[in-house]
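Heads up: the sequence shown at position 134 corresponds to 253 in the numbering used here, and the numbers run straight through without jumps.
Beta carbons: idealized from backbone N, C-alpha and C, even for Gly.
I have placed the structure first, in the form of structure tokens, so that the comments after it can refer back to it.
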Amino acid sequence: MILKTTNNSRRAFFTTLSVLTIALQGFTVCGAEAASKKKQEKAPAVSAKTEDLVEAGVRDLSFKKTAEALENFDKAIKENPNYALSYGNRANAYIALGKYKEAIADCDKAISLDPSLPIAYVNRSWAYNLTRQYQKSVADCDKAISLAPNMVIAYTNRSHAYNKLGKHKEALEDCNKVIGINKEFAPAYVNRAHTYIGMGEFNKAVADCDTAIKLKGDYTKAYLNRGHAYRELGELDKALADLDKAISQHDGLGAAYYNRSKVYQMKAAKDMEKAKKFGFLQKDAD
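Next up, the structure:
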């Protein structure tokens, strides 16, 4: 998403995250523009070429062209090594490549150049989440929210960190905040479903995943969370169908395999109970 500052400046405030993170492309950043604008109006002039390269990089990321995006951000930094947005957005490319150390370093650089740039804190927060540094992620989200109070991705990232820290009440508040800002933002429902699972409210988790799938269609994380919730509810066939769907979309999703293995174990246990009910014992199979 591109947010323009003024008609005289083509500098843009980009806030995109790779689908490889938690599928957070296309979110709304209401209020981040003002925080960015004030700082950018005081910043040294940036050439149109640099801005074009950053825009091209963000566009590449939106089409999952990570290598091309990285090349454009590298060129932008070579053209102007003091433009914070180049580093802030290159961090997204590094996250997509699994290079979290480099992503954090780029966000550090962006913040050193422009301490009021929300995207730098948001992207670093997600890199911290992916490296299990959840307290640091919360701190970065707090900072981003102080700069842009309606920035949904900051609340979304923070809710993820809170869930990992076992702070489900705080996570739920953040998810509700996001939905209050943008009720069409599917990741908020997926995150809230994860929160409900942690709180043992599995029917609510299923309902939120239903909503996320209606909003986004083939949403892997929604199928994963709904499959988990169905497993907890004992609806094993529904759980298996959802987990199969998640795995077909993302073969490297370890949580889906784990949950599916649990479903298989539960189904096997039920079969064993039936075998015993009908008088079939282990010795009969030997």
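To which residues of the same chain is residue i closer than 6 Å at the C-beta, ignoring the five residues directly before and after it?
| i | result |
| --- | --- |
| C226 | A210, A239, N242 and R243 |
| L352 | F321 |
| Y219 | A246, L249 and T250 |
| A290 | S278, Y281, N282 and T314 |
| T339 | A365, Q368 and H369 |
What number of angstroms, rounded off, separates the C-alpha of residue i from the C-alpha of residue j?
| i | j | result |
| --- | --- | --- |
| S155 | L343 | The predicted position of S155 is uncertain, since its pLDDT is 41 and thus under 50; a value taken from the coordinates is nonetheless stated next. Roughly 36 Å between the two C-alpha positions. |
| K335 | D179 | 21 Å |
| A195 | K255 | 29 Å |
| G285 | A263 | 22 Å |
| T275 | K302 | 13 Å |
| Q384 | A341 | 22 Å |
| V325 | K357 | 11 Å |
| Y253 | K396 | 48 Å |
| F133 | L362 | Because the pLDDT at F133 is just 45, under 50, the model does not fix this residue reliably, and the point stays unresolved. |
| F182 | E190 | 15 Å |
| Y202 | V165 | 7 Å |
| L172 | K197 | 11 Å |
| N388 | H347 | According to the sequence shown, residue 388 is Ala rather than Asn. Rounded to the nearest angstrom, the two C-alpha atoms are 18 Å apart. |
| A374 | A188 | 29 Å |
| A167 | L236 | 20 Å |
Out of the options, which one is the CA nearest neighbour of residue i?
| i | options | result |
| --- | --- | --- |
| N295 | I230, F399, A273 and A258 | A273 |
| I298 | L355, M270, L284 and M318 | M270 |
| P234 | D259, M385 and L216 | D259 |
| K323 | L216, N208 and Y308 | Y308 |
| I316 | A360, P306, R350 and G176 | R350 |
| G217 | L236, T185 and I230 | T185 |
| A312 | I300, R345 and F304 | R345 |
Taking all protein chains shown into account, decide if residue i is buried (16 or more other Cβ within 10 angstroms of its Cβ) or exposed.
| i | result |
| --- | --- |
| D390 | exposed |
| Y377 | exposed |
| E174 | buried |
| K228 | buried |
| S205 | buried |
| G207 | buried |
| P200 | exposed |
| D327 | buried |
| E392 | exposed |
Quick one: what's got a C-beta closer than 7 Å to residue i's C-beta in the same chain, skipping five residues either side?
| i | result |
| --- | --- |
| G398 | none |
| D293 | Y274, R277, S278 and Y281 |
Excluding five sequence neighbours on each side, which residues of the same chain lie with their C-beta closer than 8 Å to the C-beta of residue i?
| i | result |
| --- | --- |
| D193 | R209 |
| M318 | H287 and L291 |
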